[in-house]
Each structure stands twice: as C-alpha cells, then as structure tokens.
Amino acid sequence: MKMDNTISSTSLSNISSLGSRLKDLSGTQGRISTGLRINNPKDNSSVFAIAQQVSGNLSGVTAIKSSLNHAEASVNTAVAAGQAASDLVLEMKSKAIQANQPGLDDASRKALNQEFKQMSDQLNTLTSSASFNNTNLVQNGAEGVDVLMSQDGEKFRIEGQDLSPENLGFDNLSLESAEGAAEALDTVNEAIDTVSAAVADLGSSASRLEQQAQFTTSLDNVLKEGLGNMVDADLGTETAKNAAEKVKTELGLKSLAIANAGPNAMKSLFPG
C-alpha cells in the first residue's frame, strides 16, 4: 500500500492558524517593547498621520519653551540686579546728602567721597556680572533681545536697561567740594528715577514671559496627553494578550506536531 507524501489538509490548516498566531504574537511583543499601539502607517494610516502632525507641533512647542525659559531666567537675573542697583543708588544718595551739609570739613568730605566711589564701583561690578547664558540686560551698553513666543513666529521685545555707573552719570562725580556734592545729589536723584523705571519695565517683561511660559507648558501637556491617547499601547492589556498568545502558539505547535505524526506513523506500518 502506497501512502501519499503530501501534507494533509489538517496540517495545512494548523500551519495557517499557527502563522496567524505568530503574527499576532509578534505584533503584541512589538507594542510591549516600544510602548506604542501605532508604530507605523501599517498599524493605522490615518491615526499615524495625525500623530505625526501632533509630534511636529510638540517639537515646536519644545523650542518655544526653551526660548521662554532662557528669556525668563535672563529677565529675572536683570530684575534682581536692578533691585540691588536701586538699593545701592539710595545709599549713594545718603552719602551725597551728607556731603551737602554746610561747614563740612575736608577730611569728612574725602571719606564720604571714598565711600561714594566704592558704591559706584560696586554698582559697576553688579551690572556687569548680571548675566545669564551670555545675556545681560543691565550692563553698560545693554541691548534688548527678541523672544520667540509662539509657533506662529510672534516675538516679544525685552528692552535693555543700562544701569551702569557710566550711563547713570556717576563716573566723574566727586563729593570733595560743595559744588561737586550738589551736582552729585542732583545726578543721584535722576538716577533713582531711571533705575526705578528700568526695574518696573523689566518686571513687566518678566510677568509677560511667566504667563506665556505657563500657557506653553499647559499646551505641551495637552499635546503629549493627546498624542499618548492616540498611539500609546495599554501595557496591561498587551501583557495579558502576550501571555495568552504564547499559550495559543504553544498549543498550535503541539497540534501541528500531532497532525504531522499521524501520517508518518501510518507510513511506518506499510513500508515500501
């Protein structure tokens, strides 16, 4: 009796079923390894296309956040320096007032002038060192900066506020004479107004940047959540499916082995 060497219909069915299960298992393991439900256009072309657009928006928002964070830090540094400068100028006014007292002796004038000069030097050090990542908004010759506020290209201008002793007119002042003391007092009074206006302007800029940064952070969170809802895999569900599909695959392999063993066993009974 001759036995047919062709694969039985049962084996073919088992092979087809096993192939399908292996494909499902591979897909599940891929989602577990990447954490994504949508990895490429084949998974879901329309969702993948939308996800790509959202990812692009997220990249833009990330760039905006970086721009705002740098600008915020730069302005906050300038505000802190401006407040310290304001305190120094008020102390300089106190020295100038003392130097305007009638009948002040030369030794006292010289001592007051020395303190006045030291404060001016301190102000110079303060303003020249008030830098964040190479941006200084209060140094001598300070220039403004443009901050990118949105993906539409909207920009916000932060004006530089030169609070250096040179710009405030302190460089050539002297309290060693009555005339010099009077000039110094007038100059310091003008400087107080200048510094106050500068700090107010910087504070307003800081507030604007803070509000925009908060909005951008909220937008970033919303986009990330939306993208996650579209493409992220449910790892709990996928892990359970992975375990079930492994069992099904093992059963499929056993079924195929049994189906293949049947014809071989019959052939052994009828050699030749």
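The sequence shown maps to residues 13 to 284 in this note's numbering. Heads up, the beta-carbon is just placed ideally off N, CA and C, and yes, glycines get one too. Bear in mind the structure is a predicted one, so any value in this text is a computation, not a measurement.
Member of the options whose CA lies at the smallest distance from the CA of residue i
i, options, result
"S78", "S162, N148, S67 and L187", "S162"
"S71", "G240, D232, S143 and D117", "D232"
"D133", "T199, A225 and D183", "D183"
"Q173", "D213, T199, R121 and L221", "D213"
"L80", "E222, S186, S143 and E188", "E222"
"D164", "V73, L239 and D55", "V73"
Span of the alpha helix (DSSP H), counted from its first residue to its last, around residue i
i, result
"F168", "Careful: F168 lies outside any alpha helix (DSSP H), inside the beta strand (DSSP E) at K167 to I170."
"A186", "A small correction: the amino acid at residue 186 is Ser; Ala does not occupy that position in the sequence shown. Counting along the chain, S186 falls outside any alpha helix (DSSP H), and DSSP gives it neither H nor E."
"V59", "S57 to A111"
Where the beta strand (DSSP E) through residue i begins and ends
i, result
"V159", "V157 to L160"
Buried or exposed by the 16-neighbour rule on C-beta atoms within 10 Å, applied to residue i
i, result
"G68", "exposed"
"V234", "exposed"
"E155", "exposed"
"G153", "exposed"
"Q151", "buried"
"S230", "exposed"
"G115", "exposed"
"E202", "exposed"
"D246", "Unreliable positioning characterises D246 in this predicted model, as indicated by a pLDDT of 49, which lies under 50. A coordinate reading is not provided."
Residue i, DSSP secondary structure in three states
i, result
"F227", "helix"
"D246", "Note that D246 scores 49 on pLDDT, short of 50, meaning its location in the model is unreliable; the coordinates nonetheless yield the value given after this. Note: D246 maps to coil in three-state DSSP."
"S217", "helix"
"F144", "strand"
"Q134", "helix"
"S120", "helix"
"P177", "helix"
"K129", "helix"
"A154", "coil"
"L235", "helix"
"L289", "Absent from the model: residue 289. The displayed extent of the chain is 13 to 284, so no value can be given."
"G115", "coil"
"A194", "helix"
C-beta contact flag for residue i and residue j at 8 Å
i, j, result
"V101", "V207", "yes"
"S86", "F144", "yes"
Any C-beta of chain D under 8 Å from that of residue i
i, result
"M104", "Absent here is chain D; the protein component of the structure consists of one chain."
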